[in-house]
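Chains V and H, in that order, give the protein sequences.
Heads up: the first sequence is residues 129 to 1083, going by our numbering.
Heads up: the second sequence is residues 22 to 98, going by our numbering.
The beta carbon of each residue, even a glycine, is placed where N, CA and C say it ideally should be.
Below you'll find the structure, written out as structure tokens, and then a few comments.
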Amino acid sequence: MKDFIIPIKDMGTPARVGAPVTLTVDGFSVTVPAGTSVMRAAAEAGISVPKLCASDMLEPIGSCRLCLVEIEGMRGTPASCTTPVTPGMVVHTQTAQLKDLRRGVMELYISDHPLDCLTCAANGDCELQDMAGAVGLRDVRYAPGANHFEQRGPEGKNPAWLPKDESNPYFTYDPAKCIVCMRCVRACEEVQGTFALTIDGRSFDSRVSTGTDSFLNSDCVSCGACVQACPTATLIENSVIEIGTPERSIITTCAYCGVGCNFEAQMRGDELVRMVPWKEGKANHGHSCVKGRFAWGYAQHQDRILEAMVRDAITDPWRVVTYDEAISFAADRLRALQAQHGVDSIGVITSSRCTNEETFLVQKLARAVFGNNNTDTCARVCHSPTGYGLKQTFGTSAGTQDFDSVDHTDVAVVIGANPTDAHPVFASRLRKRLREGAKLIVIDPRRIDLLETPHIGQAWHLGLRPGTNVAVLTALAHVIVTEGLYDEAFIRARCDWDEFTDYMAFAADPAHSPEATEALTTVPAETLRTAARVFAGGGNGAIYYGLGVTEHSQGSTTVMAIANLAMMTGNIGRPGVGVNPLRGQNNVQGSCDMGSFPHELPGYRHVSDDTARGIFEAAWGVALSQEPGLRINNMLDAAVGGQFRGLYIQGEDILQSDPDTRHVAAGLAAMDCVIVQDLFLNETAAYAHVFLPGSTFLEKDGTFTNAERRINPVRRVMAPKNGYADWELTQLLANAMGANWTYTHPSEVMAEIAATTPGFANVTYQMLDERGSVQWPCNDAAPDGSPIMHVDGFVRGKGRFMRTDYIATDERTGPRFPLLLTTGRILTQYNVGAQTRRTENSAWHPEDLLEIHPHDAEVRGINDGDWVRLASRAGDTSLRANVTERVAPGVVYTTFHHPTTQANVVTTDNSDWATNCPEYKVTAVQVAPSNGPSDWQNDYAARVLAARRILPAAE
Amino acid sequence: MSADKLIRMANQIAAFFATQPGEDAAQSVASHINDNWAPPMRGALLDQIAQGAAGLQPLVIAAAPAIRKPKPPLPQA
């Protein structure tokens, strides 16, 4: 790709797997797998054949005719990118004939290219420029004539000239510089899978086209794969146009979703020029989405608070103070609360956005310094049922596969997840597999975009009624057991057979048949039976799921049902199969691993486990509580009740993200000391007494653990604007409360994690530097880490089948609230939007919309774009309607990215039976036409404005 | 701690374990609560049971003897 400034070796064509083939290139013997191109074989031998249209991210098309070679015994000059190697082949890449041909080709290219290299944004970073040099082009003999780059010709306006398309906020398309190599078109198809680009016209009229008037109005999802693929300045980042080319790069990890893409942060001085997905990144292999690649401007946003602030009451304006003053203020208040209301009256919320090391220290603060186990994290409100359900059935609280596993999947089951929006890079990888013929089963109330994958093969949509996951999954199990589709050999070898026979008898009950449950779930019985047969008999079956599984009153039961399905079909323990929770946040896996839950020490060991507690007591030199602490929702309940008084919240906006906003607000308002550590004055900060400025992932060292248990390094690329990394502030607070922590670098925290947590025993920063990343468990038993778990046996010994009876949620529709609301995420925004709303991503999604079926809209007199009031028994809010058949009649859907909408005013305090994970995905609501924002929204806006007042600094 | 909410949560736990085979369901309910509920929550639930257990499922009541009683909280040293 654009690798002149910061060289990344591009091998020309993708790697192949095959038997070794030996050939000779320019006299050097080289051995490569069968199917490899001559170009790649030459690159393996260290010889770069000139090329323009080839890239090792894309399948070759042999279009540019620059990579011609001579092969002994073969006529003509074949393109090396499309010619596969054969045994004994003798290749010459540089002959008199080839030199002439290449120079002729380059002369033609340059005859239709503006020679404005010095002022071109890609100057010094342009493959066309490089190739002109490589082939020794010294002269262009063609006289001026028809071209694409001159705005005006001898006869006036040049009809072949097209203006730049600057509609996308992050990159510019300049048709004048296009050489029609089709790399952008192929990247959009092969890498991203969106098929938004094509080549319009033929020959001289060929143009890259979105099929619409602009990139912004097209199907383009702004992933940037085309920009990365472009060899010239035709598609280029606006940041490069504004700043210039970068001069060095630092490998780091994205801080958005749980895919955990590795990036090169390309820098000039301490200015970040662009983020380029790292080709060696094991999760993303050189691809990214619009958030990771482009939406990092929030780090420099003017809204960032860079100084500590305190106030005595939440009705006061903020006072800017020194860090010392803020830390003592917080420490004194917390200690006073404990003295007056007991040791258990305060707690912490660790962040799933911060690093493992930071999270480890925050839970350590609670356990070792506060002296209680009142620690929780936002995994409570997303994947806590995954932790519980998989620990019960498999013995470990994590997904079973790596993302590469999807390349071997034959049947992908996607349940309650919307990967194209929430996990876009994984979605691109899955779409690639679907185009190769893998089958797709989607279990979701909405018709998600994955079902619209171009060139998809067979796919089934089980559009269930929200809240009936367990009934649908048990019905799938019913079909598998009653039709004898289970894998008896696997079950006998790997699971407890008696438990399976019990489960078999349970599932075989006619009450669980698809026919019996159809009225409840609305899934046609025949479709469900087909899906069960395809999953059980279609080869490697992999289940991918998201919060549509966990955020229900039966979230944990649903996870168990998923584990049951994987076990009974033998889909565990090898590539292509498994149970794969798609984690929402960059480090939600890590925050769980690091002991953020109130009942579990790091490594998922219960606080009542004397051995585990002993390890930490010895390491920390204090006695630890053996009683489970409070979960987030319990903390808020206890706060309203007056027993819980102080909370240290690192990097989480519970007011906007947690359900039943009024209840959260009441809990926060009842506390005497709320410490918010964040980048911005978020919604929760309106109820805070101490504000500590957070740092971004660009400003600190550490690690994130992604959804595949991969520990990815995060590296500091610039100094923290606020002066401290988050872990340093936690250490200051701990020490102000009497601890004696002396960490000078996060690597020392990782050493403590490794010493106390068996799954991390062999993890060091040095190892991460050498290998790039590693998947836990990584210890003496698995020194190279563990891409796939439960290979020879389940972590708990025998896999455990558990009965999964459907129990209806208390949240029911009725005459007052006849519709079911379910919530989710959209591609360009991220969760509460604190980051993405402060970037140009708002060009795509400036507000939350309510999706409603045309039938439900019509009977209520609602038109597309109208303001509507959305009400539940918890509260009401107003937003605009989007009338669409994507949701079924009776179901409405919205996102929760914008604080002005406050979708969580409407969600209720129902929760999962085992973990208290809130039931975001099912709320009974009514929708009615409205004139605009509700009273709550207006009051809230005024209150937030007042809560954000900052006193001018004293002169 | 709101009693209504604790009762609802305890009943949800009981509803799950009531569906499981073989084991002592009351013991499972008690273990789940012991493992996951902070002492004040357990105390408040036991208080509800002591006060007549209105609204609680029989399985929760059956689990009560095995639910660990919280120790009185110690003031900060």
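task = Assign residue 1077/V to buried or exposed, taking buried as 16 or more other Cβ atoms, counted over all protein chains shown, within 10 Å of its Cβ.
result = Here residue 1077/V corresponds to residue number 949 of the first sequence, with the count starting at 1. Exposed.
query = Do the CB positions of residue 787/V and residue 1047/V come within less than 9 Å of each other?
reply = Here the question's residue 787/V lines up with position 659 in the first sequence. Here the question's residue 1047/V lines up with position 919 in the first sequence. For residue 787/V and residue 1047/V, yes; Cβs fall inside 9 Å.
Whole-angstrom C-beta distance between residue 182/V and residue 167/V, which should lie under 8 Å = Locating residue 167/V in the first sequence gives position 39, counting from the first residue. Locating residue 182/V in the first sequence gives position 54, counting from the first residue. With 8 Å as the limit, residue 167/V and residue 182/V qualify as a contact, their Cβ atoms being about 6 Å apart.
ask   = Beta-carbon of residue 23/H versus every beta-carbon of chain V: anything under 9 Å?
value = Taking the first residue of the second sequence as position 1, residue 23/H is located at position 2. Yes, contact with chain V.
task = With 8 Å as the limit, tell me which residues of the region 34-53 of chain H have their beta carbon closer than that to any beta carbon of chain V; keep them in chain order.
result = 34, 36, 37, 40, 41, 42, 43, 53
query = Is the Cβ-Cβ distance between residue 676/V and residue 545/V less than 9 Å?
reply = Mapped onto the first sequence, residue 676/V falls at position 548. Mapped onto the first sequence, residue 545/V falls at position 417. Yes, they are a contact pair.
request  = Answer yes or no: does any C-beta atom of chain V fall closer than 9 Å to that of residue 59/H?
outcome  = Numbered from its first residue, the second sequence carries residue 59/H at position 38. So yes, residue 59/H belongs to the interface.
task = Could you check if residue 654/V is buried or exposed, using at least 16 other CB atoms within 10 Å of its CB as the buried criterion?
result = Taking the first sequence and counting its residues from 1, the one referred to as residue 654/V is at position 526. Exposed: under 16 other Cβ atoms inside 10 Å.
query = Going along the chain, which residues of the region 605-633 of chain V sit with their C-beta nearer than 7 Å to a C-beta in chain B?
reply = The structure shown contains no chain B; its protein chains are V and H.
Closest by C-alpha distance to residue 336/V, when choosing among 326/V, 345/V, 343/V = Here residue 336/V is taken as the residue at index 208 of the first sequence, counted from 1. Among 326/V, 345/V, 343/V, the Cα nearest to that of residue 336/V is on 326/V.
query = If residue 738/V and residue 731/V are in contact, beta carbons under 8 Å, what's the gap, nearest whole angstrom?
reply = The residue labelled residue 738/V in the question sits at position 610 within the first sequence. The residue labelled residue 731/V in the question sits at position 603 within the first sequence. The Cβ separation is near 15 Å, so there is no contact.
task = List the endpoints of the continuous beta strand (DSSP E) containing residue 1007/V.
result = In the first sequence, counting from the first residue as 1, residue 1007/V sits at position 879. Segment 1004-1011, the beta strand (DSSP E) holding residue 1007/V.
Distance between residue 462/V and residue 470/V (C-alpha atoms, nearest Å) = Working through the first sequence from its first residue, we reach residue 470/V at position 342. Working through the first sequence from its first residue, we reach residue 462/V at position 334. Approximately 11 Å, taken between the alpha carbons.
message = Measuring only the C-alpha atoms, how far is residue 798/V from residue 792/V?
response = For the purposes of this step, residue 798/V is identified with residue 670 of the first sequence, where counting begins at 1. For the purposes of this step, residue 792/V is identified with residue 664 of the first sequence, where counting begins at 1. Near 10 Å, if we compare the C-alpha coordinates of residue 792/V and residue 798/V.
query = Are there 16 or more other CB atoms within 10 angstroms of the CB of residue 622/V, so buried, or fewer, so exposed?
reply = For this step, residue 622/V is matched to residue 494 along the first sequence. When all chains shown are included, residue 622/V counts as buried.
key: Heavy atom of the ligand NAD within 8 Å of residue 693/V beta-carbon   = In the structure on display, the ligand NAD does not appear, and there are no ligands present to speak of.
ask   = CB-CB under 6 Å to residue 142/V, same chain, minus the five flanking residues each way: which ones, in chain order?
value = To locate residue 142/V, count along the first sequence from 1; it is residue 14. Cβ within range, chain order: 184.
key: Beta-carbon separation (whole angstroms), residue 300/V vs residue 364/V, contact threshold 8 Å   = For the purposes of this step, residue 300/V is identified with residue 172 of the first sequence, where counting begins at 1. For the purposes of this step, residue 364/V is identified with residue 236 of the first sequence, where counting begins at 1. That belief holds up - the Cβ atoms of residue 300/V and residue 364/V are roughly 6 Å apart, short of 8 Å.
request  = Measure the CB-CB distance between residue 413/V and residue 419/V and report whether it falls below 9 Å.
outcome  = In the first sequence, residue 413/V corresponds to position 285, counting from 1. In the first sequence, residue 419/V corresponds to position 291, counting from 1. Contact flag unset, no.
key: Beta-carbon neighbours of residue 758/V, restricted to chain H and to distances below 7 Å   = Within the first sequence, residue 758/V is the residue found at index 630, counting from 1. Correct list: 59.
query = So, is residue 404/V buried or exposed, given that buried needs 16 or more other C-beta atoms within 10 angstroms?
reply = As a first step, residue 404/V is located in the first sequence; it is residue number 276 there, counting from the start. Buried, since its Cβ has 16 or more Cβ neighbours within 10 Å.
query = So residue 504/V is in the beta strand (DSSP E); what residue range does that whole segment cover?
reply = Numbered from its first residue, the first sequence carries residue 504/V at position 376. 503-505 is the span of the beta strand (DSSP E), which, as asked, contains residue 504/V.
inquiry  = Using only the alpha-carbon positions, how far apart do residue 246/V and residue 903/V sit?
reply    = To locate residue 246/V, count along the first sequence from 1; it is residue 118. To locate residue 903/V, count along the first sequence from 1; it is residue 775. Those two C-alpha atoms are separated by around 46 Å.
inquiry  = Within 9 Å of any Cβ in chain V, is that where the Cβ of residue 68/H sits?
reply    = On the second sequence, position 47 is the one that residue 68/H refers to. So no, residue 68/H is outside the interface.
query = Quick one: is residue 943/V buried, meaning 16 or more other Cβ sit within 10 Å of its Cβ, or exposed?
reply = One-based indexing of the first sequence puts residue 943/V at position 815. Exposed is the call here.
ask   = Where do the ends of the alpha helix (DSSP H) carrying residue 663/V lie?
value = Against the first sequence, residue 663/V aligns to sequence position 535. Looking at the DSSP string, the run of the alpha helix (DSSP H) that includes residue 663/V is 653-665.
Within-9 Å CB hit, residue 931/V to chain H = The count along the first sequence starts at 1 and reaches residue 931/V at position 803. Yes, because at least one Cβ of chain H sits closer than 9 Å to the Cβ of residue 931/V.
query = Taking Cβ-Cβ distances shorter than 8 Å, what residues in chain V pair up with residue 26/H?
reply = Position 5 of the second sequence holds residue 26/H. Simply 765, 1037.
message = Among the candidates 421/V, 361/V, 624/V, 1006/V, whose CA atom is the shortest distance from the CA of residue 250/V?
response = Numbered from its first residue, the first sequence carries residue 250/V at position 122. Checking every option, the nearest Cα to that of residue 250/V belongs to 361/V.
inquiry  = With a threshold of 9 Å between beta carbons, is residue 1068/V in contact with chain H?
reply    = Within the first sequence, residue 1068/V is the residue found at index 940, counting from 1. Put simply, the CB of residue 1068/V is far from chain H, with every gap to its CB atoms at 9 Å or more.
query = With C-beta atoms as the reference, is residue 601/V less than 9 Å away from residue 693/V?
reply = Here residue 601/V corresponds to residue number 473 of the first sequence, with the count starting at 1. Here residue 693/V corresponds to residue number 565 of the first sequence, with the count starting at 1. The answer is yes: Cβ separation under 9 Å.
task = Per DSSP, which residues does residue 198/V bridge with? Please list them.
result = The residue you call residue 198/V lines up with position 70 of the first sequence. According to DSSP, residue 198/V bridges with 220/V.
ask   = Count the other CB atoms within 10 Å of the CB of residue 894/V; is the residue buried (16 or more) or exposed (fewer)?
value = Here residue 894/V is taken as the residue at index 766 of the first sequence, counted from 1. Classification for residue 894/V: exposed.
request  = Spatial neighbours of residue 130/V within its chain, please: CB distance less than 6 Å, with the 5 preceding and 5 following residues excluded, ordered by chain position.
outcome  = Numbered from 1 along the first sequence, position 2 holds the residue referred to as residue 130/V. Residue placement at residue 130/V is poorly supported in this model, since its pLDDT is 39, which falls under 50; the coordinates still yield a value, given next. Only 253 meet the Cβ criterion.
query = Name the chain H residues whose beta carbon is nearer than 9 Å to that of residue 512/V?
reply = Looking up residue 512/V in the first sequence gives position 384. What residue 512/V touches in chain H: nothing, since even the nearest Cβ is about 10 Å away.
query = Could you give the distance in angstroms between the alpha-carbon of residue 218/V and the alpha-carbon of residue 155/V?
reply = On the first sequence, position 90 is the one that residue 218/V refers to. On the first sequence, position 27 is the one that residue 155/V refers to. In a straight line, the C-alpha of residue 218/V is about 8 Å away from that of residue 155/V.
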